[in-house]
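Single-structure report; data block below.
Numbering (full-length UniProt numbering), first residue to last: 1 to 320.
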């Protein structure tokens with residue numbers, strides 16, 4: 001396990017370094033350079049030169065990259081002159097809210113998707129399987145903004161039981177103080193995830209139900225429910241474990257639309273507003289955070305997979 005952990009950590013570190021290199025290069029390829037992108041089109045040549053000197057952009061590229069990495073290690077992601085605050089501070093205020101929304105939607109998706117996938121596998125090629133499959137494909141094919149609009153129309157206008165927007169509190173506590181405002185964003189973000197997870201659970205469960213160990217359990221007289229609960233379900237959840245880590249980019253892209261639609265004060269809304277205002281420091285800061293989170297999510301998925309399936313560690317050790 002130690003060798004497997006070291007190998008995965010090394011791979012994750014290499015990917016993070018590559019991400020920082022890509023963001024560094026893109027920052028310097030912006031029209032007018034990093035100074036113009038940060039200070040805006042109205043900045044004078046003297047202001048641009050002073051900014052380049054202060055940030056070290058007039059030095060050799062290798063030295064600039066070393067300074068860039070040093071600032072990142074200190075938590076300095078830049079400064080947004082449009083928001084008049086540091087990028088780290090702006091993200092720090094909104095990241096917990098997006099994490100709460102993503103956590104709630106993921107928990108809801110897992111709780112709903114696993115039973116649906118099990119039912120599909122147990123009743124495959126019958127009407128429950130066909131019905132759930134049709135609804136899953138419909139949910140997956142529906143644009144998330146259209147799904148959110150339908151939720152607002154149905155539950156805020158036709159049947160006015162939920163507010164059409166989330167709480168606009170500045171702190172996480174103020175947002176959580178109005179749980180009703182989180183219901184529609186959470187459900188909207190979870191619907192597509194349910195459609196994806198349930199299909200993977202179904203496919204994995206069907207494969208495992210045809211394995212020899214399942215036939216052996218059945219031959220011993222175990223009930224079908226006991227076979228599924230104690231033997232098949234654990235192996236059937238392996239794809240979900242992998243998806244939980246790898247689905248972060250899709251989850252954030254969905255959160256961007258959902259937060260803008262429901263006026264939820266998270267990172268998605270911050271990114272959307274920064275894109276409209278061409279606030280490049282915010283855009284690059286959020287991109288870097290999401291990229292690192294994706295790498296860490298994939299690493300966590302690998303470690304969880306290895307923890308529940310020792311064969312992964314053994315195959316890695318054999319290749320080493």
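All C-beta atoms, glycine included, are put in the ideal place defined by N, C-alpha and C.
- Rounded to whole angstroms, the Cβ separation of residue 209 and residue 232 is 6 Å, and the two are in contact under 8 Å.
- Rounded to the nearest angstrom, the gap between the Cα atoms of residue 14 and residue 296 is 12 Å.
- Linking residue 207 to residue 227 through their CA atoms gives a straight-line distance of about 14 Å.
- Within the region 115-180, the complete alpha helix (DSSP H) segments at least 4 residues long are 127-141, 144-152 and 172-176, listed from N- to C-terminus.
- About 11 Å separates the beta carbon of residue 17 from that of residue 292, a gap too long to meet the 8 Å contact definition.
- Residue 12 has its alpha-carbon roughly 37 Å from the corresponding atom of residue 50.
- The region 194-274 contains, as complete alpha helix (DSSP H) runs of 4+ residues, the segments 212-219, 224-227, 233-236, 238-246 and 248-261 (chain order).
- For residue 57, the secondary structure class from DSSP, reduced to helix, strand or coil, is coil.
- Under DSSP, residue 79 shares a beta bridge with 86.
- Contact between the region 144-156 and the region 100-111 is absent, with fewer than three C-beta pairs closer than 8 Å.
- The DSSP-derived three-state label of residue 42 is coil.
- Counting only the Cα atoms, residue 25 lies some 11 Å from residue 62.
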